[in-house]
Amino acid sequence: MAPASASAAAPKPQHGTGAPVIVSCTWQPQVRPTDFLLACGDGNSRLASLHWSQWGPSRAVATGTSWVNDCKPYCAAGKFRSYPVTVRLDHPQSWTKHRNTQHYSRITLTYPNGHPDAFQQVTTTPLWN
Numbered sequence: 009m010a011p012a013s014a015s016a017a018a019p020k021p022q023h024g025t026g027a028p029v030i031v032s033c034t035w036q037p038q039v040r041p042t043d044f045l046l047a048c049g050d051g052n053s054r055l056a057s058l059h060w061s062q063w064g065p066s067r068a069v070a071t072g073t074s075w076v077n078d079c080k081p082y083c084a085a086g087k088f089r090s091y092p093v094t095v096r097l098d099h100p101q102s103w104t105k106h107r108n109t110q111h112y113s114r115i116t117l118t119y120p121n122g123h124p125d126a127f128q129q130v131t132t133t134p135l136w137n
């Protein structure tokens, strides 16, 4: 699997204008990405097939699939499991790399039909800057 940051499907943002971006693991700004890697260090958690219903100045909302390695009995031998997910991005802040660009600084994942063992049904976490 290619990391979300390698996806060419996401349009390039215009710095200093418009809605915030989401920052990929390779520090690239993305707008409405179809895939997004959450576990930058080991690739064991990623979002795929994202369909964005909203991308605005205060929040973005998408539905898609969360792929998470169950790491059983350990991560190298684990299996990737898929879960339907709703993704919400919010709390835009100035991006350290490009001060004139806002980036979403928080992600909330909501799992409507079961969730990975390592996650709650609703999981909120900060995003990197």
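Counting in my numbering, the sequence shown runs without a single skipped number right up to 137 at its last residue. Cβ coordinates follow ideal geometry from the N, Cα and C atoms, glycine included. Because the structure is a prediction, the values reported are computed rather than measured.
9 Å Cβ cutoff met for Leu97 and Leu135: Looking up residue 97 in the sequence shown gives position 89. Looking up residue 135 in the sequence shown gives position 127. Contact: yes.
DSSP-derived helix/strand/coil call for Ala70: Taking the first residue of the sequence shown as 1, we reach residue 70 at position 62. Note: Ala70 maps to strand in three-state DSSP.
Own chain residues within Cβ distance below 7 Å of Ala56, not counting five before or after: Within the sequence shown, the letter at position 48 stands for residue 56. Around Ala56: Asp43, Gly72, Thr73, Trp75.
Residue from Thr133, Asn121, Arg114 whose Cα sits closest to the Cα of Ser99: The sequence position of residue 99 within the sequence shown is 91, counting from 1. Strictly speaking, residue 99 in this sequence is His, with Ser absent from that position. Minimum Cα distance to His99 is reached at Arg114.
Selected residue, minimal CA-CA separation from Gln38, among Thr94, Asp50, Thr109, Thr133: One-based indexing of the sequence shown puts residue 38 at position 30. Distances from the CA of Gln38 to each of Thr94, Asp50, Thr109, Thr133 were compared; the closest alpha carbon is that of Thr109.
Rounded separation between Pro41 and Pro120 - CA only: Reading the sequence shown from its first residue, position 33 is the one you call residue 41. Reading the sequence shown from its first residue, position 112 is the one you call residue 120. Going by the C-alpha atoms only, they are around 21 Å apart.
Nearest-angstrom Cα separation, counted from Arg107 out to Ser118: Position 110 of the sequence shown, counted from the first residue, corresponds to residue 118. Position 99 of the sequence shown, counted from the first residue, corresponds to residue 107. Strictly speaking, residue 118 in this sequence is Thr, with Ser absent from that position. C-alpha separation (whole angstroms): 30 Å.
Contacting residues, own chain, Cβ-Cβ under 6 Å from Cys79 (five flanking each side not counted): Residue 79 sits at position 71 when you count from the first residue of the sequence shown. Closer than 6 Å at the Cβ level, and outside the excluded window around Cys79, lie Gly86.
Counted within 10 angstroms of its Cβ, other Cβ atoms place Ala126 as buried (16 or more) or exposed: Here residue 126 corresponds to residue number 118 of the sequence shown, with the count starting at 1. With fewer than 16 other Cβ atoms within 10 Å, it is exposed.
Those residues which DSSP pairs with Arg54 across a bridge: The residue labelled residue 54 in the question sits at position 46 within the sequence shown. DSSP lists Leu45, Trp75 as the beta-bridge partner residues of Arg54.
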